[in-house]
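Heads up: the structure comes next, in structure tokens.
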DNA sequence: ATGAAAGCGCTAACAC
DNA sequence: GTGTTAGCGCTTTCAT
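Residue numbers (my numbering), protein chains in the order written: chain V, 121 to 456; chain G, 121 to 456.
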């Protein structure tokens, strides 16, 4: 693996290392001809600067980390797509880390970033995360962090989300409008920002429309398909709701499964609406009414915010919430 | 951002930099007590070694790159999951690059890896890639490459795939068994290994079962949903097939859409089977018969192969194909 | 058992 | 306009 580095270029061109370095970075005090010679040879030999050397020297890695709870999930997949698009455009590299909703993993992954491996972090926290010391520590060390989707308000930084409260309210109201009298909520961890907001939106609508507000209409789902189906089934049997609002796609699919098991017809016996970014929601049986988030744009926005502050030092991340609107798309699962 | 490095540890402990370094790496010629003191302080101060410094010094980055054509795709999503699992287990970091099926992007991304940024590469090539010079160049430079899914046979290395030919043959035969007399194939780029094999499997079955083998029963889809639907629609109108074998999930969904437009009933008017890793294929309307690949395991295997050779130098990647079996899952879309 | 010193490849003062 | 030099933080001979 004969490696071509600046030194070799300098030797071949009878120039100093410094001159070559400057020529490659298009510095003002190098003559045009020299620059051309250098660039020509660099191209010819397929020279690529060693990123570790320059990262070490400049304390910048042109790399960002993305920490997400899971990846087999349309939302995160789209968000990554947005993030990667921006990163590629601006010449950044992206490291992916998956916590699998495991707090301990999140902590140990964060530790790996204490040392300049990356210039910034995009994170959507795990559902089991309640203590944010690991992230505070990173921020204190000067690492810019942008939260997306599952944010944490106690951080002074940018947070990119959707209008979870409003959308949940609307989703619940939609079920009411379609004739539901008893609406259940399949909730995601209440310690999560989105879990909390989606719950609140649901509860407010329940209150406003004078629906039964029994605690047992609320199923706090876990991260285990089997168990979740069990819990949902129990709730169905006990409460016999005529409407279900699922906080995430997975729970909606679990409901479909449970309904099938119990011989319940959607939407006749029970109507279902869910947060979901499934591209083929319309091909489901029945097609699923969804609250769809602009996940790609969210990823793009979060990445753009982060990279902008990385590029110009004098634009530190301020404490702001960027809120995208989701859209409620009515399909058969909530038909009258 | 007061950074804690080896030098600082050494100062605080009244030891030399070298001793601290060795102590941290648990070297044999450091006394137990010294080691303990060093480790204790390192933990206390949350010391993390600077990865750029050690990468530069050791010519190893403990990082691998994953290049994939797209990410909004259940197959790749699962594969990444597998890759990430193995990487995390072995203390490797994973950089994600998406080519969006663009050859030029693939080339320029590959160039970024010429310089030691990563220790190895996992790749599934873009559908527009026909020239592999960029990858050969990397391999010549000594970078281990493992292919998965969309492989390239001309490389002397490990390739992890599924039994595409056999599965395609079986899928087509399945349609025949379900009564189809005229089967269309929605093909993915023939320059792709998988495109080629899936086509061959289809063609062999068509021949074996004496089905019409018109070229116009084969739709070579592009990478544009709109166009693909147009092409598929034309084919449907012209050929009126009673069976469709889709090489990838996206084309199956396009068929669902076209059938809906044309008022064709699946499976009565036309039966559909497809390669697909959609976790909720059974909730589609109608539920979709699929050839499902063990994508997670494929990712795991590819990563394991790569990391094994990275860990022990004397195990270079040999020219072998690791072939996983896919499973044909019959559902309503191919019912009699 | 510990330390001194060289150097990985690059950048950025600072000279000339 | 070009070259010299001193590190970035770490690993690794080689001395002691």
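We treat Cβ as the ideally placed atom computed from N, Cα and C, and that holds for glycine.
{"query": "Going straight from the alpha carbon of residue 209/V to that of residue 331/V, what length do you get?", "result": "50 Å"}
{"query": "Which residues in chain V sit within 8 Å of residue 168/G, going by Cβ to Cβ distance?", "result": "231, 232, 234, 235"}
{"query": "For a cutoff of 9 Å on Cβ pairs, would you count residue 213/V as touching chain G?", "result": "yes"}
{"query": "Excluding the five sequence neighbours on either side, which residues of its own chain have a C-beta within less than 6 Å of the C-beta of residue 199/G, listed in chain order?", "result": "415, 418, 419"}
{"query": "Going along chain G in order, which residues have a C-beta closer than 7 Å to the C-beta of residue 403/V?", "result": "373, 376, 404, 405"}
{"query": "Who are the Cβ neighbours of residue 315/V in its own chain at under 7 Å, not counting the five residues just before and after it?", "result": "307, 308, 309, 367"}
{"query": "Examine chain V for any beta-carbon lying closer than 9 Å to the beta-carbon of residue 208/G, and answer yes or no.", "result": "yes"}
{"query": "In chain V, which residues lie with their C-beta within 9 Å of the C-beta of residue 343/G?", "result": "The contacting residues do not exist; residue 343/G stays about 14 Å from chain V at best."}
{"query": "Between residue 398/V and chain G, is any beta-carbon pair separated by less than 9 Å?", "result": "yes"}
{"query": "Should residue 441/G go down as buried or exposed, given a rule of 16 or more other Cβ atoms within 10 Å for buried?", "result": "exposed"}
{"query": "DSSP on residue 137/V, reduced to helix/strand/coil?", "result": "helix"}
{"query": "Between the beta-carbon of residue 378/V and the beta-carbon of residue 352/V, is there less than 9 Å?", "result": "yes"}
{"query": "When you compare each of 452/G, 407/G, 178/G, 147/G to residue 237/G by their alpha carbons, which one comes out closest?", "result": "178/G"}
{"query": "Starting from the Cα of residue 294/V, find the closest Cα among 364/V, 402/V, 313/V, 268/V and give me that residue.", "result": "364/V"}
{"query": "What does a CB cutoff of less than 6 Å around residue 291/V pick up in its chain, not counting 5 residues either side in sequence?", "result": "365, 393, 411"}
{"query": "Leaving out five residues on either side along the sequence, give the residues of the same chain with a beta carbon under 6 Å from the beta carbon of residue 61/G.", "result": "The structure shown has nothing for residue 61/G, since chain G only spans 121 to 456."}
{"query": "Are residue 276/G and residue 260/G close, meaning C-beta to C-beta below 9 Å?", "result": "no"}
{"query": "Go ahead and pull the three-state DSSP assignment for residue 158/G.", "result": "helix"}
{"query": "In or out: residue 139/G buried (at least 16 other Cβ within 10 Å) or exposed?", "result": "buried"}
{"query": "Hey, would you say residue 370/V sits closer than 9 Å to residue 193/V, going by beta carbons?", "result": "yes"}
{"query": "Smallest Cα separation from residue 372/V: which of 405/V, 358/V, 359/V, 357/V?", "result": "405/V"}
{"query": "Taking C-beta to C-beta, are residue 244/G and residue 267/G nearer than 9 Å?", "result": "yes"}
{"query": "Which residues, taken in chain order from the region 240–259 of chain G, show a beta carbon closer than 8 Å to some beta carbon of chain V?", "result": "257"}
{"query": "Taking C-alpha atoms, which residue in 185/G, 249/G, 445/G lies nearest to residue 234/G?", "result": "185/G"}
{"query": "Quick check on DSSP: helix, strand or coil for residue 232/V?", "result": "coil"}
{"query": "Look up residue 390/V in the DSSP assignment and give the residues it is bridged to.", "result": "Per DSSP, none; premise fails for residue 390/V."}
{"query": "Would you list, in sequence order, the uninterrupted beta strand (DSSP E) runs of no fewer than 3 residues that lie entirely inside the region 212–287 of chain G?", "result": "213–218, 240–243, 265–268, 278–282"}
{"query": "For residue 239/G, is the classification buried or exposed, using 16 other Cβ atoms within 10 angstroms of its Cβ as the cut-off for buried?", "result": "buried"}
{"query": "Give the interface partners of residue 332/V over in chain G, defined as CB-CB distance under 8 Å, in chain order.", "result": "Result: empty, since nearest Cβ-Cβ is about 28 Å, beyond 8 Å."}
{"query": "Using 9 Å as the threshold, is the C-beta distance between residue 397/G and residue 195/G below it?", "result": "yes"}
{"query": "How is residue 306/G classed by DSSP in three states: helix, strand or coil?", "result": "strand"}
{"query": "Where does residue 391/G land, buried or exposed, given buried means 16+ other C-beta within 10 angstroms?", "result": "buried"}
{"query": "Measuring CA to CA, which of 129/V, 141/V, 421/V is closest to residue 174/V?", "result": "141/V"}
{"query": "What does the alpha-carbon distance come out to for the pair residue 197/G and residue 191/G?", "result": "6 Å"}
{"query": "With 9 Å set as the bound, which would you pick, yes or no: does the beta-carbon of residue 183/V sit closer than that to a beta-carbon of chain G?", "result": "yes"}
{"query": "To the nearest angstrom, report how far apart residue 143/G and residue 152/V are at their CA atoms.", "result": "50 Å"}
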